[in-house]
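Below: one structure, written as structure tokens.
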Amino acid sequence: MRNSVLAIGLLSVVACSKDDTEQVVYSPAKEAAEINSLIEELTADGYDVDTTETGVYYTMLVEGDGNYVQPGDSIGISYTGSFANGYSFDSSSNQEDGIWRYVPDHITLIEGFSDAVSHLREGGSGKFIIPSALGYGPNGYYIIPPYTPLIFEIELVAIYPDDTEL
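Numbering (full-length UniProt numbering) for the sequence shown: 1 to 166.
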């Protein structure tokens, strides 16, 4: 009898310690649904959504009246990267003045981010939905799960002449 009570008690402890949180499964189908939902939200808010040649979805928030980035240019951008649920995973706010300065030709970024920046004019900003195929794909990256579309709001603050020190 004592062994039966002990066995039942042990079984109860094991059953109660089981992780009851639901595991989120990431898949291409889930990603497609998230992207479609994001596009529908933008459209419902009155934005026109276009697609780049590589497949990045975007809407211009401010057109900008400056030049597009040219090879060799140094640029300054302000950006926030988030997931479809609104969680922000990266931002230029950790830079001294909130602007990240870099030379696009001298750094390797995910294809979708580089494509997004190339569609901005100086002084312009946009919202970009980057499919995982142009981001971190089926493997993900640190806190970015596999098959996760990334949303970036990017402003091209400045284009510096190619002889400007960063």
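Cβ atoms here follow ideal geometry from the backbone N, Cα and C, with glycine treated the same way.
Here the structure is a predicted model, which means the values were calculated and not measured.
What residues in its chain sit with their C-beta under 8 Å from that of residue i, if we drop five residues either side in the sequence?
i    : result
V117 : V69, I75, I77, P104, I154 and L156
T43  : V49
I39  : V49, Y57 and I129
P138 : S132, P146 and Y147
T51  : Y57 and Y58
Only counting the same chain, and skipping five residues up and downstream in sequence, which positions put a Cβ closer than 7 Å to that of residue i?
i    : result
D65  : R121 and G123
S114 : P104
Would you please state the rounded distance, in angstroms, between the beta carbons of residue i and residue j? I believe it to be under 8 Å.
i    : j    : result
S92  : I99  : 6 Å
G112 : G135 : 5 Å
A84  : I151 : 7 Å
Y160 : D73  : 7 Å
Along the chain, where does the alpha helix (DSSP H) that runs through residue i open and close?
i    : result
A44  : P28 to A44
S114 : E111 to S118
For residue i, count the other beta carbons within 10 Å of its own beta carbon; 16 or more makes it buried, fewer makes it exposed. Which is it?
i    : result
E53  : exposed
S37  : exposed
D45  : exposed
V25  : exposed
H119 : buried
E34  : buried
Over the uninterrupted beta strand (DSSP E) stretch that includes residue i, give me the two end residues.
i    : result
E96  : From DSSP, E96 is part of no beta strand (DSSP E); its letter is neither H nor E.
D90  : S88 to S91
E155 : L150 to Y160
Y79  : S74 to S82
R101 : W100 to Y102
I130 : S125 to I130
Starting from the C-beta of residue i, find all residues in its chain whose C-beta is less than 6 Å away, skip the five residues before and the five after it, and write them out in chain order.
i           : result
residue 169 : Here the chain comprises residues numbered 1 to 166, so residue 169 is not present and cannot be evaluated.
A158        : G76
V62         : G124 and S125
Q95         : none
S82         : S88 and I151
Y47         : T59
I110        : G135
Does the stretch 43-60 touch the stretch 120-132, meaning 3 or more C-beta pairs lie closer than 8 Å? yes
Examine the Cβ distances between the stretch 132-147 and the stretch 27-38 and report whether three or more of them are shorter than 8 Å. yes
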